[in-house]
Each structure stands twice: as structure tokens, then as C-alpha cells.
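What follows is the structure, given as C-alpha cells:
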């Protein structure tokens with residue numbers, strides 16, 4: 014049994030509108046062999062024993078409830094359907110990740126509390142290697158890929174949030190950010206969809222944006238991997254920070270080169286190591302305060318405004334994990350893409366599970 018720390022952020026935040034589930038799809042050059050994929054998934058599973066878990070709840074001696082991961086010996090689920098299974102349910106053998114295939118595509122579905130994009134890429138590299146060496150080339154080069162049979166270092170298991178907070182963190186003072194344009198609010202107000210609205214914004218940008226939105230500023234929230242800063246490059250946990258790049262009126266009046274320079278300057282300032290450390294430990298501090306509430310339901314309710322509040326900090330989110338670096342097996346892949354769940358369509362929300370667990374606890 015493992016008590017959860019970093020994962021609390023996503024568990025407390027997941028709801029019907031923001032289920033915190035992600036699907037990564039690999040479109041292969043040939044039709045997928047389902048039998049070989051099942052073998053590859055089974056081999057991949059042996060390389061990541063710390064991901065073979067199911068979500069549970071325990072009570073302390075004082076009655077406080079906490080999320081935990083229990084070992085889950087059941088196999089990872091592989092389905093031959095475009096429709097994803099409900100993670101954490103019996104459909105997924107109670108796992109927080111699952112696999113699917115159809116036609117020439119294979120997919121990894123995962124809950125963000127278990128892993129982030131960087132860790133998901135690792136799993137995909139292993140899976141693709143195990144599949145392609147069976148399907149195409151038994152001597153396929155495994156360079157740069159974590160494979161079955163590796164010696165698994167303790168650093169992969171260790172949660173950065175369980176270590177000591179540095180005694181001295183000195184973040185640099187950053188300029189105050191202006192209030193931002195609430196993108197989704199504006200989308201709903203004009204009856205548009207995010208796709209049509211973003212297309213309209215692009216067209217307006219080409220024709221030069223009108224100044225009537227001043228002093229509000231379009232602000233892009235950029236997800237950033239904190240592993241290097243924390244010194245936990247091998248850890249599988251979700252270690253994501255945020256940068257806030259505001260396209261203020263002062264920048265809008267500059268030429269393109271100056272705008273690029275301004276954004277680079279913001280990135281450089283906000284990725285100063287102590288600023289990222291401060292971001293991480295502030296988040297953990299907030300989670301500790303939420304954890305002081307005795308019940309899961311109380312924490313969930315306390316965290317409920319977070320998704321709406323986040324819209325005050327960014328107009329949209331940009332998350333870029335980097336090059337996939339799929340290794341020698343990349344030659345057999347035609348395309349790679351990511352889908353995130355929205356509302357109750359696509360991947361089904363973790364909030365169903367969270368409320369079910371809470372209900373079970375309340376019934377004793």
C-alpha cells in the first residue's frame with residue numbers, strides 16, 4: 014500500500030468537466046496485430062511494477078480518510094475497440110491505465126494522477142519496442158528505451174513530495190501579471206465551439222487584433238516538466254509546473270521579433286530553478302492544507318473551485334512533452350497524437366470513481 018502525495022492534486026481536481034484523463038494514439042504503418050499487442054503489453058507491464066496499482070481509501074486511527082494505491086496483480090486491459098474503457102473500474106481491471114487497438118491504431122489511456130506525459134512517453138517507447146520486435150524485427154535496437162529485464166532503480170519509485178523541502182529557496186521576483194481573457198467564457202458567450210473560436214482568433218490575429226480587450230491580456234499557460242529541477246529525472250510521478258506567458262498590450266505593439274524575444278524572456282525568468290522549486294513546494298503546501306480536512310468529500314468540495322479559478326490565470330493551456338524519441342521502432346509509426354477527455358464524452362471522468370469511493374466510505 015502506498016499513501017498518495019503528488020497525486021492528490023489530480024484526484025481532488027478531477028470532475029465531470031475536467032476528468033484528468035489522457036489518450037495517446039500511435040497510428041502504425043500497418044494494421045495492428047491484437048495478439049502481438051497483448052504480448053507486448055504484458056511484457057511492458059513487467060518493466061513498470063509501480064504502475065500496477067488500484068486506487069483505494071484508508072482511514073487513519075483518528076478517522077481521517079486518505080487515498081492510497083494498492084498493488085494490483087491483474088493484467089493491464091487491452092481492448093479491440095476505439096471506445097476507451099472506464100479507468101479504475103472493473104472494465105479496466107481496476108487499473109488507472111489501459112490499452113486499446115483498432116485498425117492501424119494503438120492507444121494508451123491514463124489518469125493524470127498516476128503519470129504525466131513524460132512518463133507516458135516512456136511506457137509508449139517500451140510498448141512500441143516490444144510490439145515491433147515481435148511484429149517486424151526480433152533484433153530491433155533497444156537503445157534509449159526502458160525494456161523488460163532492466164534493473165529498476167529505486168529512483169523510479171520515489172515520490173519527490175515525500176522528500177525534505179529545501180531549507181533555502183530564493184525565487185526571483187516576477188512582474189505582476191495582468192488580468193486575463195477568459196477564453197471559455199467568451200466561447201460560451203458567443204455560442205461558438207473552442208475550435209471555431211480559436212479559428213476566429215487566428216483570423217483576427219492575421220488582420221491585427223482590435224484593441225477593445227485592453228487591459229485584459231491573452232495568456233498562455235505552459236506546462237513544464239519539473240523533473241530536472243527536482244533532481245528526480247527517473248521518477249514516474251506527475252511532476253508538472255506552469256509558466257504564464259501574457260501577450261500584453263505592450264508586447265502586442267511590437268514587431269514579431271520583439272514579441273518572440275519578450276516570450277523567451279518570460280520563459281527564462283519563470284524557469285529560474287528556485288522559481289520552479291517554489292512552485293512545486295507551494296503546490297504541496299496547499300495539498301497538505303487540503304489534506305487536513307478529515308474526509309475525501311470535504312477535500313473534493315474544497316478543491317472544487319480550482320478549475321474555475323484556473324481560468325483567471327490563463328486563457329488556454331499549452332502542454333508539450335517534447336520529441337517522442339520512440340527509438341528504432343519509430344520507423345513503423347505513421348502518426349502520434351494526444352486526446353484529452355472533455356466533459357462526459359470520450360474518456361469517462363474519474364469523478365465517478367471518486368464519488369463512488371467516498372460513498373463507500375460513508376456507508377462504512
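In my numbering, the protein residues as written are 14 to 377. C-beta: ideal position from N, C-alpha, C; glycine also. The structure presented is a predicted model; accordingly, all values stated were derived computationally and were not measured.
- Item | Contacting residues, own chain, Cβ-Cβ under 6 Å from residue 82 (five flanking each side not counted) | Position 69 of the chain shown, counting from 1, holds the residue named residue 82. 15, 66.
- Of the choices 108, 98, 73, whose alpha-carbon is the least far from that of residue 87? Position 74 of the chain shown, counting from 1, holds the residue named residue 87. Among 108, 98, 73, the Cα nearest to that of residue 87 belongs to 108.
- Query: Whose C-beta lies closer than 6 Å to the C-beta of residue 231 among residues of the same chain, with five residues either side of it excluded?
  - Reply: Position 218 of the chain shown holds residue 231. In chain order, 194, 260, 328 place their CB closer than 6 Å to the CB of residue 231, counting only its own chain and leaving out the 5 sequence neighbours on each side.
- Note down the Cα distance separating residue 10 from residue 239, rounded to an integer number of angstroms. With the chain running from 14 to 377 in the structure shown, residue 10 is simply not present.
- Item | residue 148, enclosing alpha helix (DSSP H) - first and last residue | Translated into positions along the chain shown, residue 148 becomes position 135. Note, residue 148: alpha helix (DSSP H), 130 to 148.
- Cut-off 7 Å between Cβ atoms - residues of its own chain near residue 408, not counting five sequence neighbours on either side: Limits of the chain in this structure are 14 at one end and 377 at the other, which puts residue 408 out of reach.
- Message: Which runs of the alpha helix (DSSP H) at least 4 residues long sit entirely within the region 282 to 333? Give them in chain order.
- Response: Those alpha helix (DSSP H) runs which fall completely within the region 282 to 333 and span 4+ residues are 286 to 304, 309 to 316, 319 to 323.
- Any idea what DSSP makes of residue 230, helix, strand or coil? Stepping through the chain shown from its first residue, residue 230 is reached at position 217. If DSSP states are grouped into helix, strand and coil, residue 230 belongs with the strands.
- Query: If residue 167 sits next to residue 57, beta carbons under 8 Å apart, how far is it from one beta carbon to the other, in whole angstroms?
  - Reply: One-based indexing of the chain shown puts residue 167 at position 154. One-based indexing of the chain shown puts residue 57 at position 44. With 8 Å as the limit, residue 167 and residue 57 do not qualify as a contact, their Cβ atoms being about 20 Å apart.
- Mind checking residue 269: buried by the 16 CB within 10 Å criterion, or exposed? Taking the chain shown and counting its residues from 1, one reaches residue 269 at position 256. With fewer than 16 Cβ atoms within 10 Å of its Cβ, residue 269 is classed as exposed.
- Message: With DSSP as the reference, identify every bridge partner of residue 33, one or two as the case may be.
- Response: Translated into the one-based positions of the chain shown, residue 33 becomes position 20. Answer by DSSP bridge pairing: none, since residue 33 is not bridged.
- Message: On the DSSP letters alone, give me the boundaries of the alpha helix (DSSP H) that residue 50 sits inside.
- Response: As a position in the chain shown, residue 50 is number 37, starting the count at 1. Residue 50 -> alpha helix (DSSP H) spans 47 to 60.
- Query: Does the Cβ of residue 151 have 16 or more other Cβ atoms within 10 Å, making it buried, or fewer, making it exposed?
  - Reply: Within the chain shown, residue 151 is the residue found at index 138, counting from 1. Counting C-beta atoms within 10 angstroms of its own C-beta, residue 151 has fewer than 16 neighbours from the protein chains shown and is therefore classed as exposed.
- Message: Quick check on this structure: which residue in 111, 278, 155 has the alpha carbon closest to the alpha carbon of residue 341?
- Response: Sequence index remark: in the chain shown, residue 341 carries index 328 (1-based). It is 155.
- Looking at the structure shown, is residue 103 part of a helix, part of a strand, or coil, going by DSSP? Your numbering for residue 103 matches position 90 in the chain shown. Residue state, collapsed to three classes: helix.
- Alpha carbon to alpha carbon, what distance is there between residue 287 and residue 264? Taking the chain shown and counting its residues from 1, the one referred to as residue 264 is at position 251. Taking the chain shown and counting its residues from 1, the one referred to as residue 287 is at position 274. Distance between the alpha carbons of residue 264 and residue 287: 26 Å.
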